[in-house]
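Remarks on the structure that follows.
Numbering (my numbering), first residue to last: 10 to 272.
Shown next, in the form of C-alpha cells:
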C-alpha cells in the first residue's frame with residue numbers, strides 16, 4: 010500500500026471536518042427540540058450522540074495536527090507558569106475522573122515554575138497523556154500527575170496503576186504506536202513535547218502500572234515577554250471544551266448529558 014501524501018491527508022481531514030461541523034450544527038439544533046418535545050427519558054440518547062461527536066472531534070483534530078508540516082505547527086509561545094498550568098488543569102480533571110470511576114491526584118515540588126512555551130499545546134499534551142492513563146487504569150483505578158525539576162528541566166510524570174506496559178504490550182503489540190484514537194493521542198503528545206525541545210519516555214512502574222515521563226527544558230522568558238496565566242478552558246473546537254474533547258474516549262456517556270455540557 011502506498012503511503013498517504015501530506016496533501017491528500019489534509020484533504021481527507023478537511024472533508025471529515027466539514028461533515029463533523031454539519032453533525033455538530035444538527036446536534037445543537039436537535040437537542041432543545043428533543044428535550045422539550047420528547048422528555049427527559051431521551052436525554053441518554055442525546056448524551057451518546059454528543060459523546061460520539063466529541064470523539065470524532067478528537068480523532069479529526071489529532072489527524073489534522075499530525076498531518077501539518079513542521080513549519081505550519083502552532084508557533085506562539087510566551088512566558089507562563091507551568092506549575093500553575095498543571096495545578097489548574099488537574100483541578101478540572103479531578104471531577105471528570107470521578108465520573109469515570111477513577112481517583113486522580115496531583116503532586117508538585119514547586120509552587121511556581123516560570124518558563125516559555127505554549128499553554129494551549131502543553132494542556133493538550135497533558136490531556137492526551139491523561140486519557141491514556143485513564144484508559145489503562147480502568148474503573149476503580151488511580152492515575153495522577155507529578156511535577157518536579159531536575160537539572161534545569163521540568164519533569165512531568167503521568168502515572169496509572171493499570172496492568173502495566175509489559176502486560177498491555179503483550180496483549181496488544183505496538184500499542185503505543187498503533188494508528189487509532191489512542192495511538193494518535195500519544196503521537197500528538199510526543200510531537201508537542203518535541204516542539205518544546207523535550208521528549209516523552211514510557212516506563213513500567215515497579216509496583217503496578219505505567220508512567221509517561223515528559224522532560225522539558227526550562228526556557229527563561231524573554232525580557233519583553235508577558236507572563237501568561239493558564240487558561241481555564243481553552244477553545245480549539247469552536248466552543249467545545251478541550252477537556253471533554255480530549256477525554257471523550259474514557260468518560261462515560263453520562264458526562265455528556267446536555268445539561269452538563271451547558272454549564
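Glycine is no exception: its CB is placed at the ideal position from the N, C-alpha and C atoms.
Small disclaimer: the values here were computed from a predicted structure and weren't measured.
- DSSP lists no bridge partner for residue 63.
- Look at residue 226 here: in three-state DSSP terms it is strand.
- Rounded to the nearest whole angstrom, the C-alpha separation of residue 215 and residue 154 is 17 Å.
- Counting the other Cβ atoms within 10 Å of the Cβ of residue 207 gives 16 or more, which makes it buried.
- Contact annotation: residue 106 and residue 218 have beta-carbon atoms that are not nearer than 8 Å.
- Residue 148 sits in coil when the DSSP states are folded into three classes, being neither helix nor strand.
- The beta carbon of residue 259 is closer than 7 Å to those of 109, 140, 143, 144 in its chain, skipping five residues each way along the sequence.
- Note on residue 114: under 16 other CB atoms within 10 angstroms of its CB, so exposed under the neighbour-count rule.
- Our two residues, residue 133 and residue 251, have alpha carbons roughly 8 Å apart in a direct line.
- Residues of the same chain with a CB within less than 7 Å of the CB of residue 55, apart from the 5 flanking positions on each side, are 40, 43, 267 in chain order.
- Straight across, the Cα-Cα distance linking residue 25 with residue 82 is about 20 Å.
- Assignment of residue 270 by DSSP, reduced to helix, strand and coil, places it in the helix class.
- For residue 60, the CB contacts under 7 Å within the same chain, skipping 5 residues up- and downstream, are 257, 262, 265 in chain order.
- For residue 258, there is no enclosing alpha helix (DSSP H), as DSSP marks it with neither H nor E.
- The C-alpha of residue 47 lies about 42 Å from the C-alpha of residue 131.
- DSSP places residue 122 outside both helix and strand once states are collapsed to three, so it counts as coil.
- Annotation for residue 213: the continuous beta strand (DSSP E) segment containing it runs 208 to 213.
- Per the C-alpha coordinates, the member of 87, 21, 22, 96 positioned closest to residue 165 is 96.
- Boundaries for residue 195: no beta strand (DSSP E) harbours it, while the alpha helix (DSSP H) harbouring it runs 190 to 204, taken from the DSSP string.
- A Cβ-Cβ distance of about 6 Å is found for the pair residue 88 and residue 123, placing them in contact under the 8 Å criterion.
- Around the beta carbon of residue 57, fewer than 16 other beta carbons sit within 10 angstroms, so the residue counts as exposed.
- Looking at the DSSP output, residue 219 shares a beta bridge with 213.
- At a Cβ-Cβ threshold of 8 Å, residue 171 and residue 147 count as neighbours.
- Per DSSP, residue 80 has no beta bridge partner at all.
- As computed with DSSP, residue 90 is found in a beta bridge with 123.
- Here residue 72 is not near residue 32, since their CB atoms are 8 Å or more apart.
- As far as DSSP is concerned, residue 161 takes part in no beta bridge.
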